Each structure stands twice: as structure tokens, then as C-alpha cells.
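In our numbering, the protein residues as written are -15 to 167. Before any comments, here is the structure.
If you want it as C-alpha cells, here you go:
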């Protein structure tokens, strides 16, 4: 209503013909850029440290391979093992089809676990939603993330990257046990 009354033709017989204001255009371009720059600098640092485990209690190396996972524990004498999916014929009662493996990844409860991922053949995804961890395993590149289980239990995950014909059949089982049992 204010615009209609204030700028009607009878109240404004000679309207302004100004189409550009260079100073105003520079200000409304530069000010948002400065705001974004001020926000970006601390954000880059936060993004960098977000996936770093500062004082990790345990380090686990995860390699995505077609069509299984290879785990290594460099802090425990370079202990390594492979984790293959269980076939339907090998399932025991109360085990989940397409989610069970022959060798579970065991971690201690309450420990900050550094996870270093890499791929051997194609890109896979180490994804355990209950532990809030997802990191790609990219050939030739080592990526870092971390996870922490606050209570004992079994946590299930799967490769969710379309890495080939059997990508859906790369289950991950993480069993969190009390520290004494882990040792």
C-alpha cells in the first residue's frame, strides 16, 4: 500500500531514470564475499579436524577389496585378518542374512578408534551407521576417520558405494566388547 501511494504517477510526475549505482553494486558484492571469507577460514580448519582422532586409543587399517574387507591392527603387532560374508547355508539361528561375516571386527567399548581406510581395486565405502562412521576406501589414498562404541553390542554396516556387481554383499560387523575382553 505504501509503495502504491508513495510512487503513484500523480505523486511522482518525474520518476528517477537511475539504472545503476556503481558504489552500491560494489558494496553489495564485496560485503557478502567478505562475510563468506570470514566464515570459510575457521570452517576449513573445523572440517580438517572433524575426521581426525586426536588421542586415539587404537588404530585399525581397513582395506576394501572385491568383495571382502581386510583389517589390520598396527598397534597390536601388525595383526591382520580378512572378513568375508557368510553364505546362506552357513548361517546359524538368529543371524542376519546378507549382514553376517566369518570374522567380525572387534573393538573395545569406550575407546576412540582411529580408522585408516584405503582401497585395493575400486572405491568402496566403510559404512557403519550405528557408529556414525562412513569413509570411502579409495585406491592409492589413505583416508582417516574415527569411531567410538559407548556400549557393548554388535553393529552392522555395508558397503554403500556402487563398486561393482557384488558391492551390496560386502557386510561389516563390528563387535564392541569390554576392554578386558578385548585385551
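A virtual CB, placed ideally from N, CA and C, is assigned to each residue, including glycine. On a predicted model such as this, the values are computed, not experimentally measured, just so you know.
If the criterion is Cβ atoms closer than 8 Å, does the pair residue 99 and residue 31 meet it? Cβ atoms of residue 99 and residue 31: not closer than 8 Å.
Excluding sequence positions up to five away, which residues of its chain have a Cβ less than 6 Å from the Cβ of residue 138? 159
Quickly, what does DSSP pair residue 109 with across the bridge? List them, please. 120
Residues that residue 91 bridges to, as DSSP identifies them: Paired residue(s): 160.
Comparing C-alpha positions only, which one of 80, 97 and 68 sits nearest to residue 49? 68
Rounded to a whole number of angstroms, what is the C-alpha to C-alpha distance between residue -9 and residue 1? 14 Å
Assign residue -12 to one of three DSSP states: helix, strand, or coil. helix
C-alpha distance - residue 39 paired with residue 5, whole-angstrom precision: 55 Å
Kindly list the residues whose CB is nearer than 6 Å to the CB of residue 89, restricted to its own chain and excluding five residues on each side of it in sequence; keep chain order. 55 and 158
Helix, strand or coil, according to DSSP, for residue 51 in the structure here? coil
With distances taken Cα to Cα, identify the nearest neighbour of residue 63 among 82, -13, 42 and 111. 42
Determine the direct distance from the alpha carbon of residue 22 to that of residue 10, and round the result to whole angstroms. 18 Å
Nonlocal neighbours in the same chain, by C-beta distance under 7 Å from residue 145, ignoring five residues either side: 107, 108, 109, 120 and 151
Please name the residue or residues paired with residue 145 in a DSSP beta bridge. BP columns for residue 145 are empty, so no partner.
In the DSSP assignment, find the alpha helix (DSSP H) that holds residue 80 and state where it starts and stops. Run containing residue 80: none; DSSP gives neither H nor E here.
What do you get for residue -13, buried or exposed, if any count of 16 or more other CB atoms within 10 angstroms of its CB means buried? exposed
Alpha carbon to alpha carbon, how far is residue 25 from residue 86? 46 Å
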